[in-house]
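The next block holds one structure in the form of structure tokens; read it before the comments.
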């Protein structure tokens, strides 16, 4: 039986952050090179021993007069060191860019904010981000619309920005901010779930999975052997398989997943083609290798059940398009 422990499914790459650091480091090295040049140049001009000259008409040597120090070189060295220190400090300071997360991860286009939509998460401290998948739509007790997703998609203790690749125009557009997240680890009952509170905007919202499969309710009667499905932005399609294990807060089932699918909707399909919400995809693995990493698609998936969190965070699932 497949248990409920496996690796987290998220695209942990952050090309924009690495590129920024590399450029700043190159600038620091250039400044250090400029700082060292006057020192090295002066040493080449000096002879390792004291130069002596003969006064004309005698055999009495006298020491050559000392050369004047080049104050310009000293000032250049000091300025270059300040320059290098500035670049090094900038490496550790957060980026102030307010651009959406396009450089972080390539997202598939989306016509609406819906379960299964690819999301780019940009950490609030500017240190990077990751690509994940939007889960089910909910409404807060303050009347705001939100999205459930995996907690590990957010950086702990931060209000990370979230964007989508809006295919109807505008490209990458910010849609909201993490307002809640729990990420306790990868084993057993360790919880992993997050809430993105959406901004008020003109991008359409749909509670239907990929804006196509209606969600009619929340599952209450899970059983081993039932067929569950998940949708992730990396796999780009529904993957379904039988339930192998159920715990107090998790369900494991035999469906393939890839890094980037984290946070996506896990659901049961009914005979009429509608879906019942079950959970949020958080982990995956292989039966023979519980921690396969991102190089190989996983053969089983694990979801955090959503029902307990609706009560804990005072949320209401949005199950019909345009429901109040």
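Residue numbers (full-length UniProt numbering): 1 to 324. All C-beta atoms, glycine included, are put in the ideal place defined by N, C-alpha and C. As the structure is a prediction and not an experimental result, all values here were calculated from the model.
Need the endpoints of the alpha helix (DSSP H) that residue i sits in, please.
i           : result
residue 308 : 307-312
With DSSP as the reference, identify every bridge partner of residue i, one or two as the case may be.
i           : result
residue 226 : DSSP, once it has assigned bridges, lists no residue as partnering residue 226.
residue 302 : 252 and 283
residue 132 : 119
residue 268 : 276
residue 245 : 252
residue 296 : Residue 296 is not bridged to any residue.
residue 181 : 194
residue 257 : 298
residue 316 : 139
residue 208 : Residue 208 pairs with nothing; no bridge assigned.
residue 171 : 166
residue 176 : 162 and 198
residue 110 : 166
So residue i and residue j are in contact, right, with Cβ under 8 Å, and what is the actual spacing, rounded?
i           : j           : result
residue 149 : residue 203 : Their Cβ separation, rounded to whole angstroms, is 17 Å, which puts residue 149 and residue 203 out of contact at 8 Å.
residue 109 : residue 165 : 5 Å
residue 120 : residue 163 : 5 Å
residue 252 : residue 136 : About 19 Å; that fails the 8 Å criterion.
residue 198 : residue 232 : Wrong, their Cβ atoms sit about 20 Å apart, outside the cutoff.
residue 263 : residue 153 : 5 Å
residue 315 : residue 138 : 4 Å
residue 209 : residue 265 : 6 Å
residue 133 : residue 160 : Not quite, the Cβ-Cβ distance comes to about 15 Å (not below 8 Å), so this is no contact.
I'd like the span of the beta strand (DSSP E) that includes residue i, first residue to last.
i           : result
residue 237 : Premise fails: residue 237 is in no beta strand (DSSP E) and is neither H nor E.
residue 165 : 161-166
residue 186 : No beta strand (DSSP E) contains residue 186, which DSSP labels as neither H nor E.
residue 216 : 215-218
residue 197 : 192-198
residue 147 : 145-149
residue 138 : 137-139
Segment contact flag, the stretch 161-177 with the stretch 220-233, C-beta cutoff 8 Å, min 3 pairs: Counting Cβ pairs under 8 Å, fewer than three are found: no touch.
Segment contact, 8 Å Cβ cut-off, at least three pairs: the stretch 250-257 with the stretch 293-313: Yes: the two stretches touch, three or more of their Cβ pairs being nearer than 8 Å.
Cβ contact (3+ pairs, closer than 8 Å) linking the stretch 183-195 and the stretch 304-317: In this structure the stretch 183-195 lies against the stretch 304-317, because at least three pairs of beta carbons, one per stretch, are closer than 8 Å.
The stretch 112-119 / the stretch 261-276 touching (three or more Cβ pairs under 8 Å): The stretch 112-119 vs the stretch 261-276: in contact.
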